[in-house]
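Protein chains in written order, with the working numbering: chain W, 808 to 1053; chain V, 808 to 1053. Below: the structure, in structure tokens.
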């Protein structure tokens, strides 16, 4: 959060021309079409979850540069407009591409994390971000994976560090990742909705269809994480993130 | 904990003669056979879980009375000896009578809670109490009940206040009840064993045989309770202990 100390942004996954566009937007925002830049960034974020995880930092830098150079916020307005469009069509996006939907949530949470107005998160994003997380916590998102119970202890315990060994669980993964990153801030902005979100998460354990073992571990961990004041206790860290010893 | 303010003990479930014995033990301990009194109390505790839940307070009062009157600890020695005998034969007790076993754990935890030496819990009881709780957290204790999944939300949520609506889950019930009462003190005496106990509890969610919905809720609640510093947050209280509203 705050202004990045180095102007290093992971834009290698863009084509050469777009990389140039982004570099110019950062250095001389007045020289490029900033609405186009916003669209390019959102489009790319929906396809590239690695990029969407840290796009917020670059967006913040462009906003700062534009504000400093011209006292304007064309880029920010363009960005928020696109975010809102995608937000309104989120069910269609999810139906079309689960990956795109997960990238979108990653992106909007990252924007929420980085964009600041008077050093506060943007109020306008609080409810959209919550709505996305609520969507990830619906029964069909929590339990849609195949039930894969490991052969008892030792298989999954400690496996949160070994995603390759686990069945895909994209939406649950995304939900807990975002809560780790922005949960505490979100709760400060609206504690009641966080309570409601955790009702859904706890209810997940009671779903008639069951949760995968990995999903159970992920949800258990985030429940402990929040209960401990958005911190991982040493014992929880050892349980969830250490290699299995026995 | 500490000296009870009123000498009111729930001894109505004893026969008249034993009630008299207990009353005398409290008022004039030198006039009765205190080893017999200890045995009477333990025997009754193993049969009456309601009594075993608060026997510690009376035991503490008899110990205080004997110490004051004669500077001796015949009763305490007798009590701890019997507790140790039962402890050593706990697997047989459990096999013979699940109810008796659960009453025993309730009793030893209550004794741990009330008996103080220099205002500290008795070190000698820490490991036996932990061993009992570890036994309650073994897979066969956690998952032995029939899997009863309710028809989705609304059936079990909030049902921790409605035990009559739930399948029996004696050992899980006992485990979480004792952790609510003495978990924090136990952790202070030996934090590592508490960490190990919670590894078993978390592992419970991954058991191939599954947990009943009620057991899941009970364990989830105790995990949150400990993570929050042995406290129930208002949101957790609402989730686990309020009537279902929708």
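Even for Gly, the Cβ is constructed at its ideal location relative to N, Cα and C. Small disclaimer: the values here were computed from a predicted structure and weren't measured.
For chain W, check one thing: does any of its Cβ atoms lie closer than 7 Å to the Cβ of residue i?
| i | result |
| --- | --- |
| residue 1009(V) | yes |
| residue 1046(V) | yes |
| residue 983(V) | no |
| residue 1034(V) | yes |
| residue 1042(V) | yes |
| residue 1023(V) | yes |
With a CB to CB cut of under 7 Å and the five nearest residues on each side skipped, what residues in its chain are close to residue i?
| i | result |
| --- | --- |
| residue 841(V) | 832, 873, 881, 882 and 885 |
| residue 820(W) | 855 and 858 |
| residue 992(W) | 928 |
| residue 845(W) | 882, 885, 886 and 889 |
| residue 981(V) | 909, 912, 913 and 943 |
| residue 1037(W) | 990 and 991 |
| residue 946(V) | 1014 |
Taking all protein chains shown into account, decide if residue i is buried (16 or more other Cβ within 10 angstroms of its Cβ) or exposed.
| i | result |
| --- | --- |
| residue 985(W) | buried |
| residue 877(V) | exposed |
| residue 978(W) | buried |
| residue 1031(V) | buried |
| residue 990(V) | buried |
| residue 970(V) | The pLDDT assigned to residue 970(V) is 46, lower than 50, so where the model puts this residue is not dependable; a value taken from the coordinates is nonetheless given after this. That one is exposed. |
| residue 822(W) | exposed |
| residue 903(W) | exposed |
| residue 865(V) | buried |
| residue 996(W) | buried |
| residue 917(W) | buried |
| residue 948(W) | buried |
| residue 893(V) | buried |
| residue 850(W) | exposed |
| residue 1011(W) | buried |
| residue 1001(W) | buried |
| residue 1019(W) | buried |
| residue 924(V) | exposed |
| residue 838(V) | exposed |
| residue 935(V) | buried |
| residue 898(V) | exposed |
| residue 1041(V) | exposed |
| residue 824(W) | exposed |
| residue 896(V) | exposed |
| residue 931(V) | exposed |
| residue 1049(W) | exposed |
Could you confirm whether any beta carbon from chain V is found closer than 7 Å to the beta carbon of residue i?
| i | result |
| --- | --- |
| residue 1029(W) | no |
| residue 1020(W) | yes |
| residue 1002(W) | yes |
| residue 1013(W) | yes |
| residue 854(W) | no |
| residue 857(W) | no |
| residue 1006(W) | yes |
| residue 973(W) | Residue placement at residue 973(W) cannot be trusted, given a pLDDT of 41 that sits under 50; what the coordinates show is reported in the next sentence. So no, residue 973(W) is outside the interface. |
Name the DSSP bridge partner or partners of residue i?
| i | result |
| --- | --- |
| residue 924(V) | 927(V) |
Closer than 6 Å by C-beta to residue i: which residues in its own chain qualify, once you throw out the five before and the five after it? Chain order, please.
| i | result |
| --- | --- |
| residue 1016(W) | 950 |
| residue 859(W) | 852, 910, 913 and 914 |
| residue 1008(V) | 944 and 1026 |
| residue 863(V) | 917, 918, 920 and 921 |
| residue 818(W) | 826 and 829 |
| residue 901(W) | 908 |
Here's a check: name, in chain order, each residue in its chain whose Cβ is nearer than 8 Å to the Cβ of residue i, leaving out the five neighbours to either side.
| i | result |
| --- | --- |
| residue 834(W) | 872 |
| residue 1022(V) | 949, 950, 952, 976, 979 and 1011 |
| residue 988(W) | 916, 917 and 920 |
| residue 1005(V) | 1030 and 1033 |
Practice item. Give the residues from the stretch 824-838 of chain W that approach chain V closer than 7 Å (Cβ to any Cβ), ordered along the chain. Key: none
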